Amino acid sequence: MGKINCWEYKKCCSLEDSEGKENFRKCIVPEMTMYDGVHGGKNAGRVCWLIADTTCNSEIQSTFAKKLKHCSVCDFYSHVEKEEGDRLEMPMKILENLVKSTK
Numbered sequence: 855m856g857k858i859n860c861w862e863y864k865k866c867c868s869l870e871d872s873e874g875k876e877n878f879r880k881c882i883v884p885e886m887t888m889y890d891g892v893h894g895g896k897n898a899g900r901v902c903w904l905i906a907d908t909t910c911n912s913e914i915q916s917t918f919a920k921k922l923k924h925c926s927v928c929d930f931y932s933h934v935e936k937e938e939g940d941r942l943e944m945p946m947k948i949l950e951n952l953v954k955s956t957k
């Protein structure tokens with residue numbers, strides 16, 4: 855079994871979540887394939903804090919700069935940080951690796 859992704863940890867992003875909710879907006883994190891495998895996750899499931907315009911706790915988290923404060927105290931971020939330890943890649947390193955892999 856792989857490492858847990860944010861939507862599994864937070865129990866969100868499923869079709870069941872939309873039932874009876876007028877303002878439901880499915881999060882884009884599970885569809886962000888370019889981050890597949892980072893920190894052992896599926897798609898962006900272990901780097902959700904890098905993704906702009908995500909939905910977390912039923913709230914739209916817009917830009918990286920605006921969501922930084924929210925994500926820095928997130929229980930899932932803390933979980934990944936603890937699990938990865940010294941292997942936790944910082945945002946710029948992840949983006950550099952993505953650029954290298956597309957060349």
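Residue numbering for the sequence shown is 855 to 957, as defined by this note's numbering.
Every residue, glycine too, gets a C-beta built ideally from N, C-alpha and C.
All values reported here derive from a predicted model rather than from experimental measurement.
| Asked | Found |
| --- | --- |
| The alpha helix (DSSP H) with C925 in it runs from where to where? | F918 to S926 |
| In the DSSP assignment, what residue or residues form a beta bridge with E950? | According to DSSP, which records beta bridges pairwise, E950 is partnered with nothing at all. |
| Considering just the uninterrupted stretch of the beta strand (DSSP E) at I885, what are its terminal residues? | For the sequence presented, residue 885 should be read as Glu rather than Ile. No beta strand (DSSP E) contains E885, which DSSP labels as neither H nor E. |
| Judging by CA-CA distance, which residue of T887, H924, L922 and G894 is the nearest neighbour of L942? | G894 |
| Please work out which residues of its chain come closer than 6 Å, Cβ to Cβ, to A898, disregarding the five sequence neighbours upstream and downstream, and give them in chain order. | V883, M886, Y889 and I905 |
| According to the Cβ coordinates, are W903 and Y931 closer than 8 Å? | yes |
| Helix, strand or coil: which one does DSSP assign to E913? | strand |
| Just reading off the alpha helix (DSSP H) that H849 is part of, what are its end residues? | Beyond the ends of the chain as shown, which are 855 and 957, falls residue 849; an answer cannot be given. |
| Taking the alpha helix (DSSP H) that K864 falls in, what are its first and last residues? | C860 to K864 |
| Could you compute how far the alpha carbon of N859 sits from the alpha carbon of R900? | 5 Å |
| What does a CB cutoff of less than 8 Å around S916 pick up in its chain, not counting 5 residues either side in sequence? | A906 and D907 |
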